[in-house]
Amino acid sequence: MAVQNKKLNLKDKYQYLTRDMGWEPTYQKKKDIFPDEDFEGIKITDWSQWEDPFRLTMDSYWKYQAEKEKKLYAIFDAFAQNNGHQNISDARYVNALKLFLTGVSPLEHAAFQGYAKTGRQFSGAGARVACQMQAIDELRHSQTQQHAMSHYNKHFNGLHDAAHMHDRVWFLSVPKSFFDDARTAGPFEFLTAISFSFEYVLTNLLFVPFMSGAAYNGDMATVTFGFSAQSDEARHMTLGLEVIKFILEQHEDNVPIVQRWIDKWFWRGFRLLSLVSMMMDYMLPNKVMSWSEAWEVYYEQNGGALFKDLERYGIRPPKYQDVANDAKHHLSHQLWTTFYQYSQATNFHTWIPEKEEMDWMSEKYPDTFDKYYRPRYEHLAKEAAAGRRFYNNTLPQLCQVCQVPTLFTEMGAPTKLSHRQLKYEGERYHFCSEACCEIFEHEPEKYIQAWLPVHQIYQGNCEGADVETVVQKYYHINIGEDNFEYLGSPDHKRWLSIKGVKPADEDKNAA
Amino acid sequence: MSIEIKTTSVEPIRHTYSHIARRFGDKPATRYQEASYDLEAKTNFHYRPQWDSRYELNDDRRTAIRMADWYAVSDPRQFYYGAYVGNRAKMQEAAETSFGFCDKRNLLTRLPEQTQKQLLRLLVPLRHVELGANMNNSKIAGEAVATTVSQMHIYTAMDRLGIGQYLSRVALMIDGSTGKALDESKGYWMDDELWQPMRKLVEDTLVVDDWFELTLVQNILMDGLMYTLVYDKMDAWFESQGAEDVSMLTEFMRDWYKESLRWTNAMIKAVAGESEANRELLQKWIDNWEPQAYDALKPLAEASVGIDALDEARAELSARLKKFGLQSQGVSA
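Chains A and B are the protein sequences, given in the same order. Sequential numbering of the first sequence, starting at 1, is according to UniProt numbering. Sequential numbering of the second sequence, starting at 1, is according to UniProt numbering.
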């Protein structure tokens, strides 16, 4: 840096306190120190152009984060001491937490590992430092979530073995394969996937539903975590935007690579969020907003503005966004009716929505709910009332890429199942959509490796051939406690007793 | 007399998570336990890493060290994130007071130019060593299996960044925040013969593949010699040069190093104690790296406090390693 006699401004001072500690190596080849920087084909001509997305020295970081942690843990302690779980809207709400702890918290840990890795991979020290800060933040989220849910775990089922389940349970391979996909990619794709596509573009569709859901349903522990993590998330989002602008500004050859990643990761993220859509519309007794409303605000409006802004770099909106936009009218209903049938193999309960809830959905989904989905619930309710609560004992076919069962319908044709297939090296592969099929076609050698839970069960790799053994022994789902219908479950009974409903009143209450 | 507040008592159906109960029994667990054990994904990874397809994600073969259970390595400080930042916030508060005090009273700007130059040449370039340590620990955090192990390394990575920043601020205090002193100091790091063996050593560590070898080299061997030499022995020497106030600004590093011995010792103890094969491998790495770390610090010792001080540091490291059945040069010295 140039010799100067003027006091440094904040930006330059921060650079002296971060990237200036780096140097051009002469004893080892740069290529050997940073071997992963080139293989994706991204061209970086000048790392000094990197704009630090935030300026936080470690002393301030420790100070601010410690203050936040102190407040957060004070609430956790108060929550446990006062048995705050008794003040939630309804015990059905806890199923959202079960989904969160098994589906999302392990991703926070994976993010910690992923950012620690990229925090070493880049030759630009400014970018490394920003990644490392996100790494330790993600560790924070992974751990505070364990602590936030710890009290719930003592009083409800289904939360007791999250990491074990995340590695094995069929629907949890959706989030797991998503993050494995990002972590096994190169550093630039990882940041495009997680920092940009997920944290920047889609995070409000994950964070808002869960945290506002907690607020609306009297869950003080989780909502306090949400508020506490907000400023971390803001930093992560800034990093996401900086990353994408930096890569695009460095070289025009980067544009098509980044465009393909945006297409891929938007879709991967969208498919992952289908789990959130059902949580939002069905698992929250007090509803925040519908999935379709959330999608309109957080993707169609905010995302629309973002991609307009990125137009000047030659970036267009994600290729299959029209399919995603169309799906907002159907997504949550298609997911919930599927999970309803497979409750014997999940760590959370499902149920038929109550009458007021169905009316709410008719109002929120005027073109689709009454026409396509209400009749299904009426049929399922009739069956259940007749003592034939429906469970589907045939294992579902999973999409080779997103690993969601192939349950989605075609755009504009809500009764036509969306299904694609192709042959690769003599084997046939199945997909839920054109978009997933296309992702496969770009990197078949990657996606043929997928650990598909249903295939694995049939191949005998899950400690048994029948669902019951797999569920109990391999998944650690306690049969009759964690799984099956909500009504009459131990969680339900315990909740009734907390609320002082006597067994005689139970039927009335349940009806 | 005591006041008794009546609360409704609710019997829990379990006391902790199943994965914690499997290790420690179904009893109320500590925050450290629930934040640290068996959180990291262990099996059924979907794809091989494109950056290293030899292994899976979270693959314990990324080091040649073998542990039946990596969670046998745990942190005696019981640091999970909240405990970690809480502790560091206190340490930084003390450091801030010292920096503020020095700044207000111009304690560094009043030093003779020759002493200032010594600080810029002999102390401040260590900020680059710290950045190397930051990179190495971030790599380890990304590759180690078991959260108990990886979290200690990300904390250390961030600590090293922070220490590098404190060292940088020494120079910023000397030059009145123009950056001039930092440029001068970086010049020594790049070109001064005194620093070249150390710079070579740091660059050599940046290409070490095995993450456990790397934590041994970085956090035990290099730090074992360097922190003792610089923040203990050289500290006394700076005092003799009339720069005793600098001591206030490196107090963080002394406290930090003392504390870091707790987890590094626990880690080495668990790993060396696991098997003879581990111990032999550690010994092989020590034989290779310890003399390099010693040689890299020789010019710094010679230019300041003298080679005897470095030999003392070496003897201390050797005595420490001996407790774990490991040998390094230094007892004879």
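Note that beta-carbon positions come from the ideal geometry of N, C-alpha and C, so glycine has one too.
Own chain partners of residue i with C-beta closer than 6 Å, once the 5 adjacent residues on each side are dropped
i: A:D12; result: none
i: A:T222; result: A148, A214
i: B:P125; result: S185, Y188, W189, W195
i: A:L202; result: G269
i: B:P76; result: R262, A266
i: A:S489; result: H349
i: A:A384; result: none
i: A:D491; result: A91, F156, N157
i: B:R121; result: Y188
Residues of its chain near residue i, where Cβ-Cβ distance is below 8 Å and the 5 sequence neighbours each way are ignored
i: A:G412; result: D326
i: B:E11; result: none
i: A:N87; result: G218, M220
i: A:W495; result: D90, A91
Own chain partners of residue i with C-beta closer than 7 Å, once the 5 adjacent residues on each side are dropped
i: A:E138; result: E108, A111, F112, Y115
i: B:R314; result: L225, Y294, Q329, G330, A333
i: B:E56; result: F45, R48
i: A:W291; result: S277, M280, D281, K328, L331, S332
Chain-ordered neighbours of residue i on chain B, where CB pairs are closer than 7 Å
i: A:Q28; result: E203, D204, L206, V207
i: A:N254; result: Those do not exist, as A:N254 stays about 18 Å from chain B at its closest Cβ, beyond 7 Å.
Beta bridge counterpart(s) of residue i as assigned by DSSP
i: A:W333; result: In the sequence under discussion, the amino acid at residue 333 of chain A is His, which differs from the Trp named in the question. A:H333 is not bridged to any residue.
i: A:E485; result: A:T350
i: A:H430; result: A:Q421
i: A:E410; result: A:A413
i: B:L123; result: Partner(s): none; B:L123 has no beta bridge.
i: A:P405; result: A:L398
Contact set between residue i and chain A, taken where Cβ atoms lie within less than 7 Å
i: B:S18; result: H160, D161, H476
i: B:Q151; result: L139
Chain A residues whose Cβ lies nearer than 8 Å to that of residue i
i: B:G86; result: A66, E69, K70
i: B:V73; result: Ordered by position in chain A, no residue passes the 8 Å Cβ test against B:V73, which lies about 17 Å from the chain.
i: B:V246; result: Per Cβ cutoff of 8 Å: no residues; B:V246 is ~18 Å from chain A at best.
Selected residue, minimal CA-CA separation from residue i, among the options
i: A:N82; options: B:S9, B:L111, B:V145; result: B:S9
i: A:H160; options: A:W267, A:E24, A:L99, A:G314; result: A:L99
i: A:A127; options: A:I75, A:K6, A:A381, A:K245; result: A:K245
i: A:H155; options: B:H15, B:L300, B:E4; result: B:H15
i: B:G273; options: B:A89, B:P299, B:T30, B:I65; result: B:I65
i: B:R169; options: A:M21, A:Q121, A:R374; result: A:M21
i: A:Q456; options: A:P396, A:V104, A:G103, A:E434; result: A:P396
i: A:V323; options: A:C436, A:G124, A:E468; result: A:C436
i: B:L326; options: B:F252, B:I286, B:P299; result: B:I286
i: B:N303; options: B:G86, B:I174, B:I163, B:E193; result: In the sequence as presented, Asn is not what sits at residue 303 of chain B; that position holds Ala. Here the closest residue by C-alpha is B:E193.
i: A:N302; options: A:R376, A:Y340, A:N204; result: A:N204
i: A:G226; options: A:S197, A:M278, A:H141; result: A:H141
i: A:E363; options: A:N461, A:D281, A:V470; result: A:D281
i: B:Y71; options: B:N219, B:Q283, B:M152; result: B:M152
i: A:T346; options: A:Y474, A:A381, A:D232; result: A:Y474
i: B:L249; options: B:H19, B:F101, B:A309; result: B:F101
Listed by chain order, chain B residues near residue i by CB distance under 9 Å
i: A:S150; result: T16, Y17, A29, R31, E34
i: A:D181; result: H46, Y47
i: A:H430; result: Per Cβ cutoff of 9 Å: no residues; A:H430 is ~16 Å from chain B at best.
Neighbour list for residue i in chain B, Cβ cutoff strictly below 8 Å
i: residue 513 of chain A; result: The displayed coordinates of chain A run from 1 to 511. Any statement about residue 513 of chain A would go beyond what the structure contains.
i: A:P25; result: E203, L206
i: A:M220; result: Going along chain B, no residue has its Cβ under 8 Å from A:M220, so there is no contact; the nearest lies around 16 Å.
i: A:Y16; result: S168, L172, G179, L182
i: A:A5; result: For the record, residue 5 of chain A in the displayed sequence is Asn; it is not Ala. In chain order: T178, K180.
i: A:H155; result: V10, P12, I13
i: A:A386; result: By Cβ distance, chain B contributes nothing, its closest Cβ being about 32 Å from A:A386, past 8 Å.
Any non-hydrogen atom of the ligand NAP closer than 6 Å to residue i Cβ
i: A:E438; result: The ligand NAP is absent from the structure shown, which contains no ligand whatsoever.
Closer than 7 Å to chain E by CB, residue i
i: B:K298; result: As a matter of chain content, chain E is missing from the structure shown, whose protein chains are A and B.
Counting Cβ pairs closer than 8 Å, one from the segment 217-232 of chain A and one from the segment 247-264 of chain A, do we hit at least three? The segment 217-232 of chain A vs the segment 247-264 of chain A: no contact.
Any contact of the segment 429-443 of chain A with the segment 159-167 of chain A, i.e. 3+ C-beta pairs under 8 Å? No, they do not touch.
Between the segment 31-40 of chain A and the segment 195-208 of chain B, can you find at least three pairs of beta-carbon atoms closer than 8 Å? With a cut-off of 8 Å, the segment 31-40 of chain A and the segment 195-208 of chain B count as touching, because enough Cβ pairs lie within range.
If you pair each beta-carbon of the segment 353-371 of chain A with each one of the segment 300-320 of chain A, do three or more pairs fall below 8 Å? Touching, no, given that fewer than three Cβ pairs across the two stretches are closer than 8 Å.
Examine the Cβ distances between the segment 250-258 of chain B and the segment 219-238 of chain B and report whether three or more of them are shorter than 8 Å. Cβ pair count under 8 Å is three or more, so yes.
If contact is defined by three or more beta carbon pairs under 8 Å, each pair taking one atom from either stretch, is the segment 39-47 of chain A in contact with the segment 175-188 of chain A? With the cut-off at 8 Å, the segment 175-188 of chain A and the segment 39-47 of chain A touch.
Tell me, please, whether the segment 23-34 of chain B touches the segment 119-136 of chain A by the rule of three or more beta-carbon pairs shorter than 8 Å. The segment 23-34 of chain B is not in contact with the segment 119-136 of chain A.
Should the segment 291-305 of chain A be called in touch with the segment 236-245 of chain A, which here means at least 3 C-beta pairs below 8 Å? With the cut-off at 8 Å, the segment 291-305 of chain A and the segment 236-245 of chain A do not touch.
Would you say the segment 167-182 of chain B touches the segment 109-123 of chain B, given that touching needs at least three Cβ pairs under 8 Å? A contact exists between the segment 167-182 of chain B and the segment 109-123 of chain B.
Between the segment 84-93 of chain B and the segment 57-73 of chain A, do three or more beta carbon pairs fall short of 8 Å? Between the segment 84-93 of chain B and the segment 57-73 of chain A, the count of Cβ pairs shorter than 8 Å is three or higher; the stretches touch.
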